[in-house]
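Enquirer:
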Amino acid sequence: MKQPLIQCTGAGFGYEHIDAVSDVTMEILPGDYIGVVGENGAGKSTFIKGLLGLLKPTSGSISMAEELKRTGVGYLPQQTAAQKDFPATVWEVVLSGTLSRAGYRPFYSREEKELARMNMEKLGIEDLKKKCFRDLSGGQKQRVLIARALCATEKLLILDEPITGLDPSAAQEFYQVVRGLNRERGVAIVMVSHDVQNMVRQAKKILHLKQKVLFYGTVEEYRRSPLGRSFLGGEEE
Numbered sequence: 001m002k003q004p005l006i007q008c009t010g011a012g013f014g015y016e017h018i019d020a021v022s023d024v025t026m027e028i029l030p031g032d033y034i035g036v037v038g039e040n041g042a043g044k045s046t047f048i049k050g051l052l053g054l055l056k057p058t059s060g061s062i063s064m065a066e067e068l069k070r071t072g073v074g075y076l077p078q079q080t081a082a083q084k085d086f087p088a089t090v091w092e093v094v095l096s097g098t099l100s101r102a103g104y105r106p107f108y109s110r111e112e113k114e115l116a117r118m119n120m121e122k123l124g125i126e127d128l129k130k131k132c133f134r135d136l137s138g139g140q141k142q143r144v145l146i147a148r149a150l151c152a153t154e155k156l157l158i159l160d161e162p163i164t165g166l167d168p169s170a171a172q173e174f175y176q177v178v179r180g181l182n183r184e185r186g187v188a189i190v191m192v193s194h195d196v197q198n199m200v201r202q203a204k205k206i207l208h209l210k211q212k213v214l215f216y217g218t219v220e221e222y223r224r225s226p227l228g229r230s231f232l233g234g235e236e237e
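Residue numbers for the sequence shown follow the UniProt record's numbering, beginning at 1 and rising by one.
#1: If we count the other Cβ atoms within 10 Å of its Cβ and call it buried at 16 or more, is Met120 buried or exposed?
#2: Rounded to whole angstroms, what's the CA-CA distance from Ile28 to Gly124? Just pull it up for me.
#3: Taking only three categories from DSSP, how would you classify Ile48?
#4: Which one or two residues does DSSP pair with Glu27 in a beta bridge?
#5: To the nearest angstrom, how far is it from the Cα of Thr58 to the Cα of Lys130?
#6: In whole angstroms, what is the alpha-carbon distance linking Leu201 and Leu207?
#7: State the Cα-Cα distance for the pair Ala116 and Pro226, rounded to the nearest angstrom.
#8: Grouping DSSP H, G and I as helix and E and B as strand, with all else coil, what is Phe13?
#9: Taking the C-alpha atoms as reference points, what is the distance between Asp127 and Thr89?
#10: Taking Gly35 as part of the beta strand (DSSP E), name the residues at either end of that continuous run.
#11: Lys69: which of Leu52, Ser61, Gly60 sits nearest, CA to CA?
#12: So, for Asp32: in the same chain, excluding its five sequence neighbours on each side, which residues have a beta-carbon less than 6 Å away from its beta-carbon?
#13: Determine the closest residue to Arg148 out of Asn40, Tyr75, Ile6, with distance taken between C-alpha atoms.
#14: Here's the rule: buried if 16 or more other CB atoms are within 10 angstroms of the residue's CB, otherwise exposed. What is Tyr222?
#15: Taking Gly60 as the reference, which of Pro77, Gln7, Glu67, Ile48 has the closest Cα?
#16: May I ask which residues mark the beginning and end of the alpha helix (DSSP H) holding Met118?
#17: How close, in whole Å, do the beta carbons of Leu5 and Leu156 come, if the pair is a contact with beta carbons under 8 Å?
#18: Can you say whether Glu237 is buried or exposed, counting buried as having 16 or more other CB atoms within 10 angstroms of its CB?
#19: Hey, how far is the Cα of Gly10 from the Cα of Leu136?
#20: Closest to Leu150 by CA distance: which of Glu161, Thr98, Asp195, Glu39 is it?
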């Protein structure tokens, strides 16, 4: 049986003694693809900060596999205007994903540079190496940021509203890239999205939050559940 990468047991996370999300029990297994859905204010982003270790649980517990403690978690945050306008080359952005490995060294090792090159090759962006990040299309920027996240780890990627601002074709291309990483390379994916309809097409499991867990299980179980049916508007399986 696979050992969980991350396990939450009755976990709550919040700020100033007020929980934004509470009593979360779930686990992330190697190779999982979990869609985290819910309306605005449901606690999705707070929960993600808890998974990343940026917030300590206010109740319950969260545990991380030793392997993940060593390798870290790849994270693609929601994009701000400043991040989109970042004045660095694609190579510099991707390579910066290895910083957690470098520690206090003031330079990148040969291994770190090779890792960055390999991840650019995986994402099909080698030809963009010398381009300025700010000049790329939305879809290209997301590929660069996934390559950067993969430089931190190949075990788990957490993506927070990654298709915001992408046109429909770029969004579908992004989903295809993530699906390939999950199915072909075994990278576990946790993706936060407002788009419930698309998440049930992409993910293997659904975690539906509204301050608490309304549903956690497979996509098939979600489709059949009263909650899933109400949010999917009777979508055919």
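All C-beta atoms, glycine included, are put in the ideal place defined by N, C-alpha and C.
Expert: According to the structure data:
#1: For the purposes of this step, residue 120 is taken as the residue at position 120 of the sequence shown. Label assigned to Met120: buried.
#2: Here residue 28 is taken as the residue at index 28 of the sequence shown, counted from 1. Here residue 124 is taken as the residue at index 124 of the sequence shown, counted from 1. Approximately 28 Å between the Cα atoms of the pair.
#3: Along the sequence shown, one-based indexing puts residue 48 at 48. In this structure, Ile48 counts as helix in the three-state DSSP scheme.
#4: Position 27 of the sequence shown, counting from 1, holds the residue named residue 27. DSSP lists Gln7 as the bridge partner or partners of Glu27.
#5: Position 58 of the sequence shown, counted from the start, is the residue given in the question as residue 58. Position 130 of the sequence shown, counted from the start, is the residue given in the question as residue 130. CA-to-CA, the gap between Thr58 and Lys130 works out to about 45 Å.
#6: Residue mapping note: residue 201 aligns to position 201 of the sequence shown, counting from 1. Residue mapping note: residue 207 aligns to position 207 of the sequence shown, counting from 1. Here residue 201 turns out to be Arg, not Leu, going by the sequence shown. If you take the alpha carbons of Arg201 and Leu207, they lie about 14 Å apart.
#7: Residue mapping note: residue 116 aligns to position 116 of the sequence shown, counting from 1. Residue mapping note: residue 226 aligns to position 226 of the sequence shown, counting from 1. Between Ala116 and Pro226, the C-alpha separation is close to 45 Å.
#8: Position 13 of the sequence shown, counting from 1, holds the residue named residue 13. In the structure shown, Phe13 sits in a strand (DSSP, three-state: E or B).
#9: As a working note, residue 127 is residue 127 in the sequence shown. As a working note, residue 89 is residue 89 in the sequence shown. So the two alpha carbons sit approximately 12 Å from each other.
#10: Position 35 of the sequence shown, counting from 1, holds the residue named residue 35. That run of the beta strand (DSSP E) goes 33-37.
#11: By one-based count along the sequence shown, residue 69 stands at place 69. Looking at Leu52, Ser61, Gly60, the one whose alpha-carbon comes closest to that of Lys69 is Leu52.
#12: Along the sequence shown, read from residue 1 onward, the residue named residue 32 stands at position 32. Closer than 6 Å at Cβ, skipping near neighbours: Ala188.
#13: Along the sequence shown, read from residue 1 onward, the residue named residue 148 stands at position 148. With distances taken between Cα atoms, Arg148 lies closest to Tyr75.
#14: As a position in the sequence shown, residue 222 is number 222, starting the count at 1. So Tyr222 counts as buried.
#15: Along the sequence shown, read from residue 1 onward, the residue named residue 60 stands at position 60. Distance from the Cα of Gly60 is smallest, within the candidate group Pro77, Gln7, Glu67, Ile48, for Gln7.
#16: What you label residue 118 is simply residue 118 of the sequence shown in a count that begins at 1. That run of the alpha helix (DSSP H) goes 110-122.
#17: As a first step, residue 5 is located in the sequence shown; it is residue number 5 there, counting from the start. As a first step, residue 156 is located in the sequence shown; it is residue number 156 there, counting from the start. Indeed they touch by this definition, with Cβ atoms about 5 Å apart.
#18: Along the sequence shown, one-based indexing puts residue 237 at 237. Note on Glu237: pLDDT 43, under 50, position unreliable in the model; the coordinate value appears next. The residue is exposed, with fewer than 16 neighbouring Cβ atoms inside 10 Å.
#19: Position 10 of the sequence shown holds residue 10. Position 136 of the sequence shown holds residue 136. Going by C-alpha positions, Gly10 is about 42 Å away from Leu136.
#20: Start at 1 with the first residue of the sequence shown, and residue 150 comes out as number 150. Of the candidates Glu161, Thr98, Asp195, Glu39, the one whose C-alpha sits nearest the C-alpha of Leu150 is Thr98.
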